[in-house]
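Participant: I'd like to ask some things about the structure below.
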Amino acid sequence: MERTVCEIELEIKNADGLHMRPAMQFVDVANQFDCDITVSNVENDVDGKSIMQMSMLAATCGTKLKVKAEGTDAKQAVDALRELVEEKHFNEPMPNN
Amino acid sequence: MEIKRGIAVSPGIAIAKSLIIDSEDYRIPRRSIDASQRTREIQRVRNAFKSAIDELTQLETASDQIQESKIKDIFAVHLRFLHDRSLRKKITDLVRLDLVTAEYAVSAILREIASNFTKAKDTYISERAADIYDIERRLLRQLLGKKREDVEHLTEEVAIVARELSPTQTAGFNKDFVKGLATDAGGRTSHTAIVARSLGIPAVVALEDLTENISGGDTVIIDGNRGIVVVNPDSQTIRQYEQYSQEFLALEHKLDAIKEKPAVTRDGVKITLLGNIEFPDEAEQVLQKGGDGIGLYRTEFLYLNSESEPTEQEHYQAYAETVSVFKHRPVIIRTVDLGADKYTQSRRFAPEPNPFLGLRSIRFCLQNLMMFKTQLHAILRASVLGEVKIMFPLITNIQEMMQAKMILRDVMEDLDEESVDYNKNIQVGIMIETPSAALTAFTLARDADFFSIGTNDLTQYTLAVDRGNELVSTLYSTVDPAVLRLIRTVIQDAHKAQIDISICGEIASEPEHIMLMLGMGVRTLSLAPPMIPEIKQIIRSVTIEDCNDVARKILTMNSERQISSYLRDATRKILPETF
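Respectively, the protein sequence lines represent chains A and B.
Read the first sequence against our numbering and you will find it ends at 97, with the numbers running on by one and no gaps.
Read the second sequence against our numbering and you will find it ends at 579, with the numbers running on by one and no gaps.
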């Protein structure tokens, strides 16, 4: 099996940001894959499978996060996470404007 | 070596390894462990996570029916945190590398995470700190709950160190292994003090920050005579204390020798010495120490020891056991004095803002008639086994006393209908422990068979001082002129009405206050069983005339400090070895 690396940038679009419930959804999706997932904002790199680390990013609406996946299913993982964050935006409301 | 000063509340010397009981309600201090304990402590962290996960999973399943998605989300988020390996690793790493207790590591890491959230500018995220505190408390409850079970199954001698001790905690103590108590909070009449005296083990309270300056397993000396606690004493100090402890035991033995002799003053006045007890098995101790009966049988233990309300049969068994020890000597059973404690407060939707002025004691009973009648039924049934008397606590006015007596008559009628035997002439008395009862003692005396002055509550309510609050506990003094004036009124009114009067507060256990009490006309004292020999020794060394002089002098004094020092000097003259 080939080890691939995928990197994308995701923007948090739901109004309330990456609070507890979205963070939970994020790690739940991330944990479905075998690859390692690292998420970073400007200051920190954290493990995308750890709710503690993810929630500590305290990412608010509009924050851009870099997601880096390494492993055989890296591509699928990145796609699934993009869908959750940018398309479904965690099934949460968007800002009013 | 570190020396801490507090208030001595129960005499004796204990030298033992410390066992610390932290509380999830207070900040957990940083405490070191020995390298050899590392593996065990890490295992404690893992077990706490596992138990917390089990507990939460159960709660989550139980809430399935509720269909309240927000609550389910909260449980789900907490579970993710508890399953998060990197969180667990952070905590176990702290234990491993810094050699600290599991409790401290859990608390420190989770609070660090929480503070990260609090700093976030977005309020929606910053409020999530509450979730982290919730997880912290859940884990601490697991760790500390286990610890409390450990106290019930001790296998080696320990000295218990805690911020404060609640009746529920002390009820589970294994008396064979707990050698002493030391707490940050508390005063002379706090629960810790009462328990220590009834167990006959030394205790020091109001040590303020002791729990922050001690690690589990550190050796401590608890000097319950001078109010000193020494943490990690050097070998010379241990030797000194071992010698001092032996001298103290020798004095105790000497006092025990007088237990067969009567409590009579040098001029031939007989004083009745009764015991205050909390548990039925203490009745035997009262007898061993030479007591003439039970002047205060506290019955709260029946409620605090178990999760559910005690049955009538459980009440009866406890009373029958105690009464059988005394046969033809008085046993005064005080009806339940609950309130202002975890038992009643945790059963309320919202805790009372000011429980000491709230629904406690007789007030609680008069609003929970089923519970009250169950107890009275059992007391009446036990009344045929010996000389049982009933005492109602915290009476504040005559209506309350009449109402309580009316309910007692109802229960008597029930027993008549059931054809159950009881003493129809059972004596019914009240505790005088509020200023209002003291000021109306003259009226109350017409319908009471006896009075017993509860000086602890009387002092707290008269001086408006919370006796358990170390910030103001120095203002608490039973020999304050205001309190003494009330006590004198009660004694005089009881004498006029020709009813029995006794003192059952802590003042009756304090050597320096005995002459004053006798001089004020008290002839019956009810006290902590281990103190009976010492108090008897004082009684046998004085004359009533001396006591009358002391009381006359004291009642002209206007300051508590003057009174205290006068009493100390007067007692030192008659019993120098006690001081």
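Backbone N, C-alpha and C fix where the C-beta goes; we use that ideal spot for every residue, glycine too.
Nothing here was measured: the structure is a model prediction, and the numbers come from that model.
Residue 14 of chain B and residue 222 of chain B: beta carbons closer than 7 Å?
Facilitator: Taking 7 Å as the Cβ cut-off, residue 14 of chain B and residue 222 of chain B qualify as a contacting pair.
Participant: If you draw a straight line from the alpha carbon of residue 28 of chain A to that of residue 92 of chain B, how long is it in whole angstroms?
Facilitator: Distance between the alpha carbons of residue 28 of chain A and residue 92 of chain B: 24 Å.
Participant: Which residue from B/196, B/448, B/83 and B/380 puts its Cα closest to that of residue 320 of chain B?
Facilitator: When each option's Cα is compared against that of residue 320 of chain B, the closest is B/380.
Participant: How would you list, in chain order, the residues of chain B whose beta-carbon sits under 7 Å from the beta-carbon of residue 89 of chain A?
Facilitator: Per Cβ cutoff of 7 Å: no residues; residue 89 of chain A is ~15 Å from chain B at best.
Participant: Candidates B/95, B/60 and B/94: which alpha carbon is nearest residue 78 of chain B's?
Facilitator: Nearest of B/95, B/60 and B/94 to residue 78 of chain B, Cα basis: B/60.
Participant: For residue 478 of chain B, which residues from the same chain have a beta carbon less than 6 Å from its beta carbon, with the 5 sequence-adjacent residues on both sides left out?
Facilitator: Around residue 478 of chain B: 455, 459 and 507.
Participant: Measuring CA to CA, which of B/162, B/485 and B/273 is closest to residue 20 of chain B?
Facilitator: Per the Cα distances, B/162.
Participant: How big is the Cα-Cα spacing for residue 422 of chain B and residue 416 of chain B?
Facilitator: If I take the Cα positions, the gap works out to 9 Å.
Participant: If residue 114 of chain B and residue 539 of chain B are in contact, beta carbons under 8 Å, what's the gap, nearest whole angstrom?
Facilitator: Not quite, the Cβ-Cβ distance comes to about 59 Å (not below 8 Å), so this is no contact.
Participant: Per DSSP, what are the beta-bridge partners of residue 70 of chain A in this structure?
Facilitator: According to DSSP, residue 70 of chain A bridges with A/5 and A/36.
Participant: Do you know offhand how far residue 427 of chain B's Cα is from residue 401 of chain B's?
Facilitator: When rounded, the distance between both Cα atoms is 14 Å.
Participant: On the three-state DSSP scale, how would you describe residue 128 of chain B?
Facilitator: DSSP places residue 128 of chain B in coil when its eight states are reduced to three.
Participant: Using alpha carbons as the reference points, say which of B/565, B/258, B/527 and B/563 lies closest to residue 537 of chain B.
Facilitator: If we check each option's Cα against that of residue 537 of chain B, B/258 comes out closest.
Participant: Could you tell me whether the Cβ atoms of residue 102 of chain B and residue 45 of chain B are closer together than 7 Å?
Facilitator: Contact flag set, yes.
Participant: Tell me whether the beta-carbon of residue 438 of chain B lies closer than 7 Å to the beta-carbon of residue 490 of chain B.
Facilitator: Contact flag set, yes.
Participant: I want to see whether chain B comes within less than 7 Å of residue 58 of chain A, judged by CB atoms only; does it?
Facilitator: Yes, contact with chain B.
Participant: Just curious, the beta strand (DSSP E) that residue 276 of chain B is in, first and last residue?
Facilitator: From DSSP, the beta strand (DSSP E) with residue 276 of chain B extends over 272-277.
Participant: Between residue 269 of chain B and the rest of its own chain, which residues show a CB-CB distance below 6 Å, the 5 nearest in sequence each way excluded?
Facilitator: These residues qualify, in order along the chain: 544.
Participant: So is residue 250 of chain B buried or exposed if we call it buried at 16+ other beta carbons inside 10 Å?
Facilitator: So residue 250 of chain B ends up on the exposed side.
Participant: To test your reading of the DSSP string, which unbroken alpha helix (DSSP H) runs of 4 or more residues are found completely within the segment 369-445 of chain B?
Facilitator: If we require 4 residues or more, the alpha helix (DSSP H) runs fully inside the segment 369-445 of chain B come out as 369-382, 398-417, 435-439 and 441-444.
Participant: Tell me the rounded alpha-carbon separation between residue 71 of chain A and residue 80 of chain A.
Facilitator: Answer to the nearest angstrom: the Cα atoms are 15 Å apart.
Participant: Any beta carbon from chain A within less than 7 Å of residue 81 of chain B's own beta carbon?
Facilitator: At least one chain A Cβ lies under 7 Å of residue 81 of chain B.
Participant: Residues in the segment 34-51 of chain A with C-beta within 8 Å of chain B's C-beta atoms, listed in sequence order?
Facilitator: Taking 8 Å as the Cβ-Cβ cut-off against chain B, the residues of the segment 34-51 of chain A that qualify are 47, 50 and 51.
Participant: Considering residue 538 of chain B, what are the terminal residues of the alpha helix (DSSP H) in which it resides?
Facilitator: Residues 532-541.
Participant: Mind checking whether residue 99 of chain B and residue 33 of chain B have CB atoms under 7 Å apart?
Facilitator: Yes. Within cutoff.
Participant: Figure out for me which residue from B/273, B/39 and B/187 has the closest Cα to the Cα of residue 522 of chain B.
Facilitator: Nearest option by C-alpha distance: B/273.
Participant: State the Cα-Cα distance for the pair residue 148 of chain B and residue 107 of chain B, rounded to the nearest angstrom.
Facilitator: Near 18 Å, if we compare the C-alpha coordinates of residue 107 of chain B and residue 148 of chain B.
Participant: Can you look up residue 198 of chain B in the DSSP assignment and give me helix, strand or coil?
Facilitator: Of the three classes helix, strand and coil, the one that applies to residue 198 of chain B here is helix, per DSSP.
Participant: At what residue ranges does the segment 131-211 of chain B contain a whole run of the beta strand (DSSP E), taking only runs of 3 or more?
Facilitator: Within the segment 131-211 of chain B, the complete beta strand (DSSP E) runs of at least 3 residues are 158-162, 178-183 and 203-205.
Participant: State yes or no: is the C-beta of residue 203 of chain B within less than 7 Å of the C-beta of residue 10 of chain B?
Facilitator: Taking 7 Å as the Cβ cut-off, residue 203 of chain B and residue 10 of chain B qualify as a contacting pair.
Participant: By Cβ distance below 8 Å, which residues in the same chain neighbour residue 452 of chain B in space, the five residues on each side in sequence not counted?
Facilitator: Closer than 8 Å at Cβ, skipping near neighbours: 295, 296, 332, 391, 429, 430, 431, 432, 501, 502, 503, 504 and 526.
Participant: Residue 29 of chain B to residue 140 of chain B, Cα distance in whole Å?
Facilitator: The straight-line gap from Cα to Cα measures roughly 13 Å.
Participant: Identify the continuous alpha helix (DSSP H) that holds residue 353 of chain B and give its terminal residues.
Facilitator: Taken as a continuous stretch (DSSP letters only), residue 353 of chain B belongs to no alpha helix (DSSP H), as it is neither H nor E.
Participant: For residue 396 of chain B and residue 371 of chain B, what's the separation of their Cα atoms in angstroms?
Facilitator: Rounded to whole angstroms, residue 396 of chain B to residue 371 of chain B spans 21 Å at the Cα level.
Participant: Under 7 Å, Cβ to Cβ, is there at least one residue of chain B near residue 20 of chain A?
Facilitator: Cβ-Cβ to chain B under 7 Å: yes for residue 20 of chain A.
Participant: Cα-Cα, which of B/377, B/155, B/444 and B/515 is closest to residue 419 of chain B?
Facilitator: The option with the nearest alpha carbon to residue 419 of chain B is B/377.
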